[in-house]
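Quick note: the sequence shown uses the numbering used here, first residue 1, plus one each step.
Note that the Cβ used here is the ideal one computed from N, Cα and C, for glycine as well.
The block underneath contains the structure these notes are about, expressed in structure tokens.
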Amino acid sequence: MNLSITQVPLWISILFSISFSTLPIFLIANAVKTALNKVNNGSSFTIGKKIIVFYWSYFTIIALISLTGFFEKNVLPPRIILFAAIPLFIFYVFYIQKKQWFTLVFKYITVEQLVYINVFRLVGVFFFLCYFYTTLPKQFAFIGGIGDILTAILVFPVVIALRKKVAYAKFLVWAWNIIGLLDIISVLITVTILTKQAIINNTIGVSQFGTFPFSWIPAFAPATIIFIHLLIFKKLREKLREKLSL
1 MNLSITQVPL WISILFSISF STLPIFLIAN AVKTALNKVN NGSSFTIGKK IIVFYWSYFT
61 IIALISLTGF FEKNVLPPRI ILFAAIPLFI FYVFYIQKKQ WFTLVFKYIT VEQLVYINVF
121 RLVGVFFFLC YFYTTLPKQF AFIGGIGDIL TAILVFPVVI ALRKKVAYAK FLVWAWNIIG
181 LLDIISVLIT VTILTKQAII NNTIGVSQFG TFPFSWIPAF APATIIFIHL LIFKKLREKL
241 REKLSL
């Protein structure tokens, strides 16, 4: 049986595997633990550990499925979106959001912490590495790569503005959140267009992101990023209502 593994050099796969399986997961777990610690919640360590175990288990399942080649085939809708990204988003919205610990997390987590999680979107650099080794189309590498890297870099001035409590901090958050959300939406649209073209022309398209380990990106990033952006919008609306009620 031929395993569905990325065609880029091994050092890129190893670097990606290490960074992507640690950075976003620990950023999320740390933000949750920090929020729960504000209420002296003894479960903060346990919840943080469960988050790490959950994501590592999820990544393991995605890896095993992707190695079979199930996600690599060019079909619409892409299988990895249909069977991984969408179920993960539904899990966030209809299960995680209903948990009591999440209610506490959302109450005490700051906009700054939610924004900072998006630093992991520097993973966009791997889009360009895949393009360099001719495993991804130029359009996808540039749209997805530039958008993610830009969004990740802009995290820092937004976080600094929030920490310094400058007058325009909230405006920056609104602008950044819209840019970040539009980025991930544009990536999903581009994936759909390129997959359709690949089916018609019998080309590779973005099938590389259905192979191991890059399958982790579409399986995790769209659902998680969109969910975080929605949480930030919800936080901003609450702050706006509080201000108007004064």
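Item: By Cβ distance below 8 Å, which residues in the same chain neighbour isoleucine 25 in space, the five residues on each side in sequence not counted?; Value: Ile51, Ile52, Tyr55, Trp56
Item: With which residues is isoleucine 5 paired in a DSSP beta bridge?; Value: Phe212
Item: What does the alpha-carbon distance come out to for the pair serine 207 and alanine 198?; Value: 9 Å
Item: How about phenylalanine 106 and leucine 231: are their beta carbons less than 9 Å apart?; Value: yes
Item: Rounded to a whole number of angstroms, what is the C-alpha to C-alpha distance between phenylalanine 120 and leucine 23?; Value: 6 Å
Item: Excluding the 5 residues preceding and the 5 following phenylalanine 102 in the sequence, name in chain order all residues of the same chain whose CB lies nearer than 6 Å to its CB.; Value: Ile96
Item: Can you give me the Cβ contacts of valine 191 inside the same chain, cut-off strictly under 6 Å, excluding the 5 residues immediately before and after it?; Value: Val206
Item: Where do the ends of the alpha helix (DSSP H) carrying valine 274 lie?; Value: For residue 274 there is no data in the structure shown, the boundaries of the chain being 1 and 246.
Item: What are the boundary residues of the alpha helix (DSSP H) that serine 104 is part of?; Value: A small correction: the amino acid at residue 104 is leucine; serine does not occupy that position in the sequence shown. Where leucine 104 is concerned, the enclosing alpha helix (DSSP H) stretches over 100–108.
Item: Identify whether leucine 88 lies in helix, strand or coil by the three-state DSSP scheme.; Value: helix
Item: Check whether the Cβ atoms of isoleucine 80 and proline 218 sit closer than 9 Å, and answer yes or no.; Value: yes
Item: Using 8 Å for Cβ pairs, my map puts proline 137 next to leucine 188. What's the rounded Cβ distance?; Value: No, proline 137 and leucine 188 are not in contact; Cβ-Cβ is about 15 Å, not under 8 Å.
Item: Between the C-alpha atoms of phenylalanine 156 and glycine 147, what's the straight-line distance to the nearest angstrom?; Value: 15 Å
Item: Buried or exposed: which applies to valine 39, given that a residue is buried once 16 or more other Cβ atoms fall within 10 Å of its Cβ?; Value: exposed
Item: Among Leu36, Gln113, Ile200, Val125, whose alpha-carbon lies nearest the alpha-carbon of arginine 163?; Value: Gln113
Item: If we ignore side chains and look at the alpha-carbon of each, how far apart do serine 19 and phenylalanine 132 end up?; Value: 20 Å
Item: Looking at C-alpha atoms only, which residue of Val123, Ala223, Lys170, Ile28 is the closest neighbour of leucine 83?; Value: Position check: residue 83 holds phenylalanine in this sequence, whereas leucine was assumed. Taking only the C-alpha atoms, the option nearest phenylalanine 83 is Ala223.
Item: Among the residues of its own chain, which have a CB less than 8 Å from the CB of leucine 88, if the five just before and after it don't count?; Value: Tyr58, Ala219, Phe220, Ala223, Thr224
Item: I need the DSSP call for isoleucine 14, collapsed to helix, strand or coil.; Value: helix
Item: Quick test of your reading: isoleucine 12 and isoleucine 117, contact by CB under 8 Å. State the CB separation rounded to the nearest angstrom.; Value: Wrong, their Cβ atoms sit about 24 Å apart, outside the cutoff.
Item: Need the endpoints of the alpha helix (DSSP H) that isoleucine 200 sits in, please.; Value: 169–201
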